[in-house]
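Right, one structure below, let's go through it.
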């Protein structure tokens, strides 16, 4: 059975067989083991084995969650030929496209980008790169000169001066992952650990979805309002959270028992005679009272948002060191603009949660004398 060998956009081998494309998973002395190009994106278990000379041996596993693309081989070959012509033929991009497009089937043509974008590819491939070989260990001789300065000709990265000082954070906000929490408790014993409020609320939402309450929550205003009262426990003084929860249990009927059991088992200590059994996530871990009073972040969404932004800039999971520095230099230029705006008095856009934060702070600083009323008022500001 024949296979087609081409290359990915990163110039690594790509094998196409029966409309499916494969990248190298690993090699042995006598053969090459290939994995589906979408093994990560679609959790596909399709595999293919060839000899070291790329001769087909067998297929292992099924392609799951996606279908093959019969035009894949022709499209890949088209781009490979276009890139080769761009690097070897120094005529203008229009003439290169005219030459490469000869004999291309209509079924492939409709899958291609516009001529404008194809010409941009030609110009990009022609750019001369002088990047040093990518280091394979932490000990490499020098950082290329192009990375010494930012786009504004200020010092960016001169040399590796050694290990960073010992990390000594005072507070760490994290998701509700027990393994991560346990590691921090063992290695950073003096650090104050705090759960992210967003992930706390999402855990309640996932419970509602998993146990058939999602539709009720979406359509019953009273039911949703009572669920929000359980979230409001995060904005009550930690010392009275247990009593506030008991008030909830007293005021809510049996329709909420399953939900209350979930909250108690995971976030509130259950009574055991005169004592209480500690919950997997103690009250001090997920309570937001101190953070509200001190104007501290209640979620790590800002960090996750920055990570998403950085990931979108890289557009790959494992950039090389030099590619990583290239993107950091460009991102540094954007951040410099933000700093410049701030230092010249330009105000950032007003956050949509600013009014919400003020109202929560007002209720926290001036609580209702009745705990249940306090839960009700805070709950009306919350949502899942």
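In the UniProt record's numbering, the protein residues as written are 1 to 384.
Ideal placement from N, C-alpha and C gives every residue a C-beta, glycine not left out.
Remember, predicted model here, so these are calculated numbers, not experimental data.
Any idea what DSSP makes of residue 398, helix, strand or coil?
-> As shown, the chain starts at 1 and ends at 384. That puts residue 398 outside it, with no answer to give.
Which of helix, strand or coil does DSSP assign to residue 369?
-> Indexing the chain shown from 1 puts residue 369 at position 369. Looking at residue 369 - three-state DSSP - the assignment turns out to be coil, as it is neither helix nor strand.
Who are the near neighbours of residue 150 in its chain, counting only those whose CB is closer than 7 angstroms to its CB and skipping five residues on each side?
-> Reading the chain shown from its first residue, position 150 is the one you call residue 150. Counting only Cβ-Cβ distances below 7 angstroms, and skipping sequence neighbours, we find 156, 329, 332 and 333.
Rounded C-beta distance between residue 233 and residue 244? I'm assuming under 8 angstroms.
-> Here residue 233 corresponds to residue number 233 of the chain shown, with the count starting at 1. Here residue 244 corresponds to residue number 244 of the chain shown, with the count starting at 1. Contact holds; Cβ gap of about 6 angstroms.
In terms of alpha-carbon separation, which member of 72, 125, 86 and 126 lies closest to residue 110?
-> What you label residue 110 is simply residue 110 of the chain shown in a count that begins at 1. Nearest C-alpha to residue 110: 72.
Alpha carbon to alpha carbon, how far is residue 143 from residue 323?
-> Residue numbering aside, residue 143 sits at position 143 when the chain shown is read from its first letter. Residue numbering aside, residue 323 sits at position 323 when the chain shown is read from its first letter. If you take the alpha carbons of residue 143 and residue 323, they lie about 13 angstroms apart.
Measuring CA to CA, which of 344, 112, 101 and 97 is closest to residue 119?
-> Taking the first residue of the chain shown as position 1, residue 119 is located at position 119. Residue 119 has its Cα closest to that of 97, out of 344, 112, 101 and 97.
Exposed unless 16 or more other CB atoms sit within 10 angstroms - verdict on residue 296 | By one-based count along the chain shown, residue 296 stands at place 296. Around the Cβ of residue 296, a 10 Å sphere holds fewer than 16 other Cβ atoms; the residue is exposed.
Out of 226, 204, 247 and 313, which has the shortest C-alpha to C-alpha gap to residue 380?
-> Within the chain shown, residue 380 is the residue found at index 380, counting from 1. Considering only alpha carbons, the answer is 226.
Does the beta-carbon of residue 307 have 16 or more other beta-carbons within 10 angstroms, so that it is buried, or is it exposed?
-> Looking up residue 307 in the chain shown gives position 307. It counts as exposed.
Is residue 192 helix, strand or coil by DSSP?
-> Here the question's residue 192 lines up with position 192 in the chain shown. Three-state DSSP puts residue 192 in a strand.
Span of the alpha helix (DSSP H) holding residue 292?
-> Numbered from 1 along the chain shown, position 292 holds the residue referred to as residue 292. Unbroken alpha helix (DSSP H) run through residue 292: 289 to 293.
Any idea what DSSP makes of residue 125, helix, strand or coil?
-> Here residue 125 refers to the residue found at position 125 of the chain shown. DSSP places residue 125 in helix when its eight states are reduced to three.
C-alpha distance - residue 76 paired with residue 95, whole-angstrom precision = Along the chain shown, read from residue 1 onward, the residue named residue 76 stands at position 76. Along the chain shown, read from residue 1 onward, the residue named residue 95 stands at position 95. Between residue 76 and residue 95, the C-alpha separation is close to 20 angstroms.
Use the C-beta contact count for residue 116: other C-beta atoms within 10 angstroms, 16 or more gives buried, fewer gives exposed.
-> In the chain shown, counting from the first residue as 1, residue 116 sits at position 116. Around the beta carbon of residue 116, a 10 Å sphere encloses fewer than 16 other beta carbons of the protein chains shown; the residue is thus reported as exposed.
Candidates 103, 248, 188 and 50: which alpha carbon is nearest residue 27's?
-> If you number the chain shown from 1, residue 27 lands on position 27. Nearest neighbour of residue 27 by Cα position, chosen from 103, 248, 188 and 50, turns out to be 50.
Within its chain, find whatever has a CB closer than 7 angstroms to the CB of residue 376; leave out the 5 residues flanking it on each side and keep chain order.
-> If you number the chain shown from 1, residue 376 lands on position 376. These residues qualify, in order along the chain: 229.
N- and C-terminal bounds of the beta strand (DSSP E) containing residue 4 | Locating residue 4 in the chain shown gives position 4, counting from the first residue. In the DSSP assignment, residue 4 falls within the unbroken beta strand (DSSP E) covering 4 to 7.
What's the call for residue 35, buried or exposed, on a 16-neighbour Cβ count within 10 Å?
-> Numbered from its first residue, the chain shown carries residue 35 at position 35. With at least 16 other beta carbons inside 10 angstroms of its own, residue 35 counts as buried.
Spatial distance of residue 113 from residue 79 (CA atoms) = Numbered from 1 along the chain shown, position 113 holds the residue referred to as residue 113. Numbered from 1 along the chain shown, position 79 holds the residue referred to as residue 79. Roughly 11 angstroms between the two C-alpha positions.
Reference residue 289, options 214, 281 and 298, closest by Cα = Taking the chain shown and counting its residues from 1, one reaches residue 289 at position 289. When only C-alpha atoms are compared, the closest one is 298.
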